[in-house]
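Right, one structure below, let's go through it.
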DNA sequence: CGCCTTGTGTATCTTTTGATACCATCGCGA
DNA sequence: TCGCGATGGTATCAAAAGATACACAAGGCG
C-alpha cells in the first residue's frame, strides 16, 4: 500500500510499530461511493474491511423487507468478514456504504496470525466480537419485546443523540427499512406522534419537539 | 480442584498439558439442579462457566414474557460471562439449568491471559464468540421476518433433529417462553397444525407426523 | 414547461397477535 | 381422598400490523 498520510492517526487502536508495518504492507485502501454494495448475503468473504472514514450499513433482507443490524463506523469492522476469517463462512448480511467511505482492506488469512502476535490487534478483534454481539442483542430484545411504535421512538431518540440534532433527515421508507416494517406503518405512527405534538413532519426530514 | 476422572476426556478442546494443569489448579466443579438459576440479568459476573454435562438455558425476560437466546451444552460456555471477562459488563440475560448439570467454573481474570498463551484456548474463545453470534443472528432473522406460526414449526423441526425423536416433550407454556409469545397463541397454532395432520397433541408432549 | 421519481397522507380491509376469561383434566402430595 | 397447581381447549374481544390502492406534492431534469 502506498504510504498514507495519517492513516494511524485515524486508527489509534493499532499501536505496535510492527503491526503498522504489516498493515501498510498487506493492506489496500478502497473508496466506496454512497450506495455501493460491499458485501452481499451468501457471499464468501476473504477480506476484512476496516472503515477509515464514512459508514457502512449492515442489514438483512428477505423479499422486499429489510432490517438494520448495525453500522460500521470509523475504526470498526464487520462481523461477517471477521467470522469468515476464522471459519469457512458465507455472509449472513449485506453491507452498503451510506456515504462516501474510505476502507482499509486486509486479507483474511492474516487476521488470526496477527491476533497471536499483536496484543492491540487481539484487543481489536475481541472488542469487535463483543460490541457487535451487544448491539445485536439489544436490537433483538427490542424486536422481540417492543411494539413498532416504541421502536420508532427509540430509533429517533438514538438518532438525535448520535447526530446531536433534533432535525432528523430520514424518509419514511428508509425508517421502515431500518426497523423491518413497511412505509405505511411508519407513516401512520409518525402521524400519530405529530398529533401528540412530539414531532413535526416535513418532506425528507423529521423535526423532534 | 480435586483431580477429576476423565475431565479432559469430556473437554477435548483443551489439548495443551500446561493449560490442563492451569484448569485443574484454578477451576472448581459445580453441580446444578434442574431449575437452578446460575446467572441473572443485570448481575456482574466474575467467572466463566463451562458445561461438562447437562445444559443451561440462556434467555431474556421482560415482565411476564421471555424468549430463548440459546442453550449452553457440553464443552460450551456462555457469552455473558465471556463478555464480562474482557470488559466491565453486566449480564443481559438469565441462565438456568434445564437438567442436572455439571459445570467447570473458572475465574474471569484468567480468560484473557490464557488466550495469549494457549492456542487451543484462543480457538475456544473465538469459536464461542463466533457461534453464539451466528445463533443469535439466525434467531433474530427469524423473529424479524417469520410469523409465529412458522417459528413454531421451525422450533419443532429443530427439536426433532436435535433429540432425534418425533415425540417432543414440551408444554405449550414452555414453547411460548422459548418463542417469546403467550400460551394461548401457541395452543391455537398447534391446534391448527393438528387439524392439518402435521402432528398430534398430548398432555406434556407433541407427536410429529 | 412537462415528465418522472421520490416522498407523503390516508382510507379500507384483512390477518396476526395478544388479552382475558372460563372450564376440564391430570397428577402429585398433604 | 381432597385440593391444588400445571396443562390444555376454546370463545370473545381488542389491538397491532400489514396489504393495497389512490391522490397529491416536491424537486430534479431534459
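Chains as they are written, first to last, in the working numbering: chain Z, 77 to 285; chain W, 77 to 285. No residue lacks a Cβ here, since even glycine has one placed at the ideal position from N, Cα and C. Only a predicted model underlies this, so the values are computations on that prediction, with no experimental measurement involved.
- For residue 108 of chain W, the enclosing beta strand (DSSP E) covers residues 104-108.
- DSSP places residue 111 of chain W in the coil class of the three-state scheme, outside both helix and strand.
- For residue 182 of chain W against residue 124 of chain W, the beta-carbon gap comes to about 5 angstroms, under 8 angstroms, which counts as contact.
- Contact between the region 108-123 of chain W and the region 158-166 of chain W is present: 3 or more CB-CB pairs across the two stretches fall below 8 angstroms.
- DSSP lists Z:133 as the beta-bridge partner residues of residue 147 of chain Z.
- Residue 175 of chain Z sits close to residue 110 of chain Z, with the two beta carbons spaced by under 9 angstroms.
- Residue-level contact by beta carbon holds for residue 208 of chain Z and chain W, with a gap shorter than 9 angstroms.
- Beta-bridge partners of residue 123 of chain W (DSSP): W:183.
- Listed as beta-bridge partners of residue 170 of chain W by DSSP are W:135.
- Residue 275 of chain W: member of the beta strand (DSSP E) spanning 275-278, first to last residue.
- In terms of Cα proximity to residue 259 of chain Z, the closest of Z:93, Z:225, Z:242, Z:221 is Z:225.
- Residue range 259-271 is occupied by the alpha helix (DSSP H) that includes residue 268 of chain W, with no beta strand (DSSP E) assigned at that position.
- For residue 283 of chain W, the enclosing beta strand (DSSP E) has its first and last residue at 281-284.
- According to the DSSP assignment, residue 217 of chain Z belongs to the alpha helix (DSSP H) that extends over 195-221.
- For residue 136 of chain W, the residues of chain Z that pass the 9 angstroms Cβ criterion are 213, 216, 217, 220, 221, in the order they occur in the chain.
- At a beta-carbon threshold of 8 angstroms, none of the residues of chain Z lie near residue 146 of chain W; the nearest stands roughly 11 angstroms away.
- The beta-carbon separation of residue 190 of chain Z and residue 95 of chain Z, rounded to 7 angstroms, stays under the 8 angstroms limit for a contact.
- Within a 10 Å sphere around the beta-carbon of residue 234 of chain Z sit fewer than 16 other beta-carbons, which makes this residue exposed.
- In the DSSP assignment, residue 159 of chain W falls within the unbroken alpha helix (DSSP H) covering 155-162.
- Secondary structure at residue 178 of chain W: strand, using DSSP grouped into helix, strand and coil.
- Cβ-Cβ separation between residue 220 of chain Z and residue 219 of chain W: approximately 6 angstroms, consistent with a contact (criterion under 8 angstroms).
- When W:280, W:254, W:265 are compared, the shortest CA-CA separation from residue 273 of chain W is found for W:265.
- Boundaries of the alpha helix (DSSP H) harbouring residue 237 of chain Z: 224-239, taken from the DSSP string.
- The C-beta of residue 167 of chain Z has 16 or more other C-beta atoms within 10 Å across all chains shown, which makes the residue buried.
- Taking a C-beta cut-off of 8 angstroms against chain Z, none of the residues of the region 260-284 of chain W qualify.
- Taking 9 angstroms as the cut-off, the Cβ atoms of residue 283 of chain Z and residue 244 of chain Z count as close.
- For residue 251 of chain W, the number of other beta carbons within 10 angstroms of its own is at least 16, and it is reported as buried.
- Non-local beta-carbon contacts of residue 188 of chain W in its own chain, meaning distances under 7 angstroms to residues more than five positions away in sequence, involve 161, 162 in chain order.
- Pairing residue 146 of chain Z with residue 215 of chain Z gives a Cβ-Cβ distance under 9 angstroms.
- Among the residues facing chain W, residue 162 of chain Z is included, as its CB has a counterpart in that chain under 9 angstroms away.
- Residue 195 of chain Z has its alpha-carbon roughly 39 angstroms from the corresponding atom of residue 222 of chain Z.
- Listed by position along chain Z, the residues whose Cβ is nearer than 9 angstroms to that of residue 168 of chain W are 210, 213, 214, 217.
- Secondary structure of residue 243 of chain Z (DSSP, three-state): strand.
- Contact annotation: in the region 100-122 of chain W, no residue has its CB less than 7 angstroms from a CB in chain Z.
- DSSP, reduced to helix, strand and coil, places residue 117 of chain W outside both helices and strands of the structure shown, so it counts as coil.
- When the beta-carbon positions are compared, residue 93 of chain Z and residue 128 of chain Z stay at least 9 angstroms from each other.
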